[in-house]
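For reference, the structure discussed in these notes is given below.
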Amino acid sequence: MEEFSAFIRSLVLRYNLEKLGLDADDLIQEISLKLWKVIDHEKNIHNPASYIKKVVESAVIDQIRRVRKEEELYTSEKQKLISELEPRSNRYQNPPGSMKEYILKATDQLLESRKIVVKLYLLNMSLPEISAYLNYSQDKTRNLLYRGLSDLKAILKEMGFRHERLRD
Amino acid sequence: MNDFETKIRELFNREPEPPGPVPRHNCPRPEELSQSFEPDCPAEIKARIIDHVITCPACQREFELLRGSRSFIDRLSKIMARDKPGPAGKMISVFTSSVTWWKTATAVVLLLGLLSLLYLGITYWNTLTEERRSEAANKIVLSEEVHWPQPALVRLAWKPRDGNFQYRVEVYDQNMYLLWQSPLLSETAVLVPDKVLEAMKDYQYFFWQLLIYSGQDKVSESPVRKVRLVSQ
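Quick note, the sequences are listed as chains A and B, same order.
Each residue of the first sequence is one higher than the one before, counting from 70 in this note's numbering.
Each residue of the second sequence is one higher than the one before, counting from 2 in this note's numbering.
Here's what the structure looks like:
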């Protein structure tokens, strides 16, 4: 639980989610409280593992909804203020020519089976996490990831993407 | 290759986070994001969600939050599976579970079991005591002094038992009908009354038995003895 609390706090801090109303302590407290109830009344729950999953997920989803609501308010207010000054797209775009954009363009050229594995990898997921997410064996995932990354490297080079840090 | 793996991820995530909230466009609902982590979620849905998440910083945060929660849930489930009780533990948990009727039924069965054991124990103890008593009774030494027919006199005697006991004598006719029962006696011999002797004048024999009492309770009884009435 301590580790999970640390993870939530770091996430809130990194993305400045407190601004949007996501209170790490609230979320942790809510989950802890519900989990303690499970432990206290364990005998009444046929499948505690599945119950815990529901508790944690519903708490997280509630928080996401709350954040989205806050975001909506924030962006609509902001857009009201700036809409008169400049027309803008309501779609977030990576800054043109940014590293992220290049990498994404290259990733989109990968074979479908390898693309999703590479994208999950870019989303900071570990090999076991990717395997679990896609319901693949770790061997299959590793194979797809290595081939995908190898293809990505070649595509990036073909695209003329030269970055000193990519040199191995 | 290893170097590339690390660096590509580092470069991809190096972009600064957009300040504040970003406008959303066709974002999946939070439930859909969460659903995509389920093993049985169709691959096309997963692919569609990932295609969106990787380009949407807002959904990326939420995806990461859900990913962390999933990892926490998985670890918790593993701990719970590891702590699952074995067969013996399961047996114990049956008694500690909250199913009330189970508890009641178990308590009733246990109680009945205990009562049965108690009853069997008491019966066995009584049998043992009875056996000891008959054993003791068989050891009682009885004797008779008979003068028959004139003057008719029958004296029944016995060796006293150790302890504070009282005795009763019962006399039966040839058909084992009770003819006479003495009062409780503290002596170790008794004369059969004349009226009883009169009733027995045509008899060839009679039977008698000694009953031993402790207070008002019969403790044991002797075997029945047959006494011949012959001219002396």
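Where is the CB? At the ideal position from N, CA and C, for every residue including glycine.
Say whether chain B places a C-beta atom closer than 8 Å to the C-beta of residue i.
{"i": "residue 168/A", "result": "yes"}
{"i": "residue 202/A", "result": "yes"}
{"i": "residue 227/A", "result": "no"}
{"i": "residue 199/A", "result": "no"}
{"i": "residue 213/A", "result": "no"}
{"i": "residue 209/A", "result": "no"}
{"i": "residue 222/A", "result": "yes"}
Hey, could you find the ends of the alpha helix (DSSP H) residue i is sitting in?
{"i": "residue 33/B", "result": "31-36"}
{"i": "residue 55/B", "result": "Segment: none, residue 55/B is in no alpha helix (DSSP H) and carries neither H nor E."}
{"i": "residue 178/B", "result": "No alpha helix (DSSP H) contains residue 178/B, which DSSP labels as neither H nor E."}
{"i": "residue 198/A", "result": "196-203"}
{"i": "residue 192/A", "result": "Element bounds for residue 192/A: n/a, residue is neither H nor E."}
{"i": "residue 201/B", "result": "Where residue 201/B is concerned, there is no enclosing alpha helix (DSSP H), given that its DSSP letter is neither H nor E."}
{"i": "residue 140/B", "result": "It is not in any alpha helix (DSSP H) - residue 140/B carries neither H nor E in the DSSP assignment."}
{"i": "residue 39/B", "result": "Unbroken run through residue 39/B: none, as it is neither H nor E."}
Which residues of chain B have a Cβ atom closer than 9 Å to the Cβ of residue i, listed in chain order?
{"i": "residue 218/A", "result": "2, 5, 6, 9"}
{"i": "residue 172/A", "result": "9, 12, 13"}
DSSP puts residue i in a beta bridge; with which residues?
{"i": "residue 145/B", "result": "157/B"}
{"i": "residue 218/B", "result": "215/B"}
{"i": "residue 186/B", "result": "168/B"}
{"i": "residue 191/B", "result": "157/B"}
{"i": "residue 209/A", "result": "According to DSSP, which records beta bridges pairwise, residue 209/A is partnered with nothing at all."}
{"i": "residue 206/B", "result": "229/B"}
Taking C-beta pairs closer than 7 Å, name the residues in chain A that residue i reaches, listed in chain order.
{"i": "residue 63/B", "result": "133"}
{"i": "residue 46/B", "result": "In chain order: nothing, as chain A lies at least about 11 Å away."}
Can you pull the chain B residues whose beta carbon is under 8 Å from the beta carbon of residue i, in chain order?
{"i": "residue 97/A", "result": "None at all; the shortest Cβ gap to chain B is about 11 Å."}
{"i": "residue 322/A", "result": "As shown, chain A starts at 70 and ends at 237. That puts residue 322/A outside it, with no answer to give."}
Does any CB atom of chain A fall closer than 8 Å to the CB of residue i?
{"i": "residue 53/B", "result": "no"}
{"i": "residue 1/B", "result": "Outside the displayed range of chain B (2 to 233) lies residue 1/B, so it cannot be described from this structure."}
{"i": "residue 68/B", "result": "yes"}
{"i": "residue 77/B", "result": "yes"}
{"i": "residue 117/B", "result": "no"}
{"i": "residue 221/B", "result": "no"}
{"i": "residue 72/B", "result": "yes"}
Could you give the first and the last residue of the continuous beta strand (DSSP E) run that contains residue i?
{"i": "residue 229/B", "result": "226-229"}
Cβ of residue i less than 8 Å from any chain D Cβ?
{"i": "residue 177/B", "result": "No chain D appears in this structure, whose protein chains are A and B."}
Could you tell me which chain A residues have their CB closer than 8 Å to the CB of residue i, listed as they occur along the chain?
{"i": "residue 124/B", "result": "Going along chain A, no residue has its Cβ under 8 Å from residue 124/B, so there is no contact; the nearest lies around 40 Å."}
Interfacial residues, the stretch 176-192 of chain A to chain B, with Cβ spacing under 7 Å: Flagged, chain order: 185, 188, 189, 190, 191, 192.
Interfacial residues, the stretch 122-134 of chain A to chain B, with Cβ spacing under 8 Å: Those residues of the stretch 122-134 of chain A that come within reach of chain B (Cβ to Cβ, closer than 8 Å) are 122, 125, 126, 129, 130, 132, 133, 134.
The stretch 28-39 of chain B: positions lying closer than 7 Å to chain A by Cβ: The residues in question are 31, 32, 35, 38.
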